[in-house]
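Shown next, in structure tokens, is the structure this report addresses.
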Amino acid sequence: MSTGSITPLVALLWVLNVVLDTGGQLAFKAAAGDPAAGDGFARWLYMARRPWIWLGIASYVIEFLIWIAFLSLLPLSQAILLGSINIVAIMVAGRLLFGEKLTRLRVAGILLVTLGVAIVGVGG
Amino acid sequence: MKRGWFYLIGFLVLVLFDSVGAISFKYAGMHALPVEASTAWLLRLFGKPWIYGAVVGYIGAFFTWMTLLKHAPIGPAFAASHLEVVSVMLLSIWLFHEPLTLPHVLGAIAIVAGIVCLGFAESREHVPEEGSAPAQT
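Residue numbers (this note's numbering), protein chains in the order written: chain A, 274 to 397; chain B, 2 to 138.
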């Protein structure tokens with residue numbers, strides 16, 4: 274199997290995957306980080322009665338199909354590397370929505386991951 | 002130290018579930034080709050066992066992830082969970098005979114270096130939380 278080329282369809286699936294993954298993660302963080310949720314089984318019940326966890330699950334179900342389509346069109350080793358851009362998206366989103374700190378080390382990490390994804394994306 | 006073990010074992014379980022999920026996803030996609038936005042594709046997809054392996058990986062990763070997220074900040078936790086990149090790359094070279102090209106190797110090195118940076122950023126962040134050391138920024 275040769276390395277896959279990035280067609281417009283592959284690029285579209287890649288963008289949709291990033292958006293859905295980030296949206297889903299943020300919804301899960303909103304559900305899991307709620308201090309009023311309590312502990313143990315009661316915590317799960319509390320989360321199930323609020324919309325966040327369901328929004329996260331819905332994003333994941335759609336992402337599930339998008340990701341399979343993406344993986345069908347590219348070699349897995351290439352696809353999993355391109356998927357690492359999710360790390361960058363989630364960090365930036367965490368910073369914007371939850372005020373999580375972007376220290377110098379984190380910025381360095383984000384730049385390195387972006388560089389790596391760019392090398393794989395451009396180099397094939 | 003208890004929390005350290007909790008994270009280590011939790012993240013190893015997460016990487017395991019993620020790797021099983023990714024491999025199953027690939028097999029599921031391969032057995033349902035060609036990709037099309039149709040019910041025929043969905044029927045081909047759900048008619049083979051692979052997708053259920055992916056579901057198990059997904060659900061396992063989900064509960065592991067939700068347990069870890071209760072204490073970990075989302076960004077670094079997410080980064081640590083992404084070390085699955087390496088395990089999945091090695092497994093796909095072995096299972097799917099995929100070529101290991103130079104851009105892939107260089108890209109993987111940069112990505113893993115980035116993930117390691119994010120991991121250090123996390124452990125530095127957790128020092129003040131665990132007590133003795135003064136707050137640092």
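By construction, the Cβ of each residue, glycine as well, lies at the ideal position given by its N, Cα and C atoms.
ask   = Considering only the beta carbon of each residue, do I383 (chain A) and V361 (chain A) sit closer than 8 Å?
value = yes
ask   = Does the stretch 359-375 of chain A come within contact of the stretch 33-49 of chain B, defined as at least 3 CB pairs closer than 8 Å?
value = no
Alpha helix (DSSP H) segments (min. 4 residues) lying fully within the stretch 301-363 of chain A = 313-321, 324-346 and 349-355
task = Could you have a look at K27 (chain B) and say whether DSSP puts it in helix, strand or coil?
result = helix
request  = Measure how close the beta-carbons of A300 (chain A) and W325 (chain A) come, nearest whole angstrom, since I'm counting them as under 8 Å.
outcome  = 5 Å
ask   = G61 (chain B): which of B:G22, B:A29, B:L107 and B:H32 sits nearest, CA to CA?
value = B:G22
request  = Locate the alpha helix (DSSP H) running through L96 (chain B), then write down its first and last residues.
outcome  = E85 to F97
message = Considering only the alpha carbon of each residue, which of B:I116, B:L91 and B:F97 lies closest to V106 (chain B)?
response = B:L91
query = Does the stretch 23-38 of chain B come within contact of the stretch 341-348 of chain A, defined as at least 3 CB pairs closer than 8 Å?
reply = yes
Test item: CB-CB of A286 (chain A) and I335 (chain A) under 8 Å = Strictly speaking, residue 286 (chain A) in this sequence is Leu, with Ala absent from that position. No, these two residues do not count as a Cβ contact at 8 Å.
Proximity test, Cβ basis, 8 Å: L385 (chain A) and chain B = yes
task = Quick one: measure Cβ to Cβ for T102 (chain B) and G11 (chain B), integer angstroms, because I've assumed they're closer than 8 Å.
result = Not really, about 33 Å apart at Cβ, beyond 8 Å.
message = Could you give the first and the last residue of the continuous alpha helix (DSSP H) run that contains I392 (chain A)?
response = R377 to G396
ask   = Which residues of chain B have a Cβ atom closer than 7 Å to the Cβ of W287 (chain A), listed in chain order?
value = Residues of chain B passing the Cβ test: none, with the nearest at roughly 14 Å.
query = So L70 (chain B) and A305 (chain A) are in contact, right, with Cβ under 8 Å, and what is the actual spacing, rounded?
reply = 4 Å
task = Could you pull out every residue in the same chain whose Cβ sits closer than 6 Å to the Cβ of T387 (chain A), ignoring the five residues on either side in sequence?
result = V361
request  = Please list the partners that F97 (chain B) has in chain A, where partner means a Cβ-to-Cβ separation under 9 Å.
outcome  = M274, P348, L349 and S350
inquiry  = Here's the rule I'm using: 16 or more other beta-carbon atoms within 10 Å means buried, otherwise exposed. How should G58 (chain B) be labelled?
reply    = buried
query = In terms of alpha-carbon separation, which member of A:Q351, A:L369, A:G296 and A:L375 lies closest to H98 (chain B)?
reply = A:Q351
query = Taking 8 Å as the CB-CB limit, is Y59 (chain B) close to chain A?
reply = yes
query = If C118 (chain B) sits next to A366 (chain A), beta carbons under 8 Å apart, how far is it from one beta carbon to the other, in whole angstroms?
reply = Going by Cβ atoms, the distance from C118 (chain B) to A366 (chain A) rounds to 19 Å, so no, they are not a contact pair.
message = Here's the rule I'm using: 16 or more other beta-carbon atoms within 10 Å means buried, otherwise exposed. How should S25 (chain B) be labelled?
response = buried
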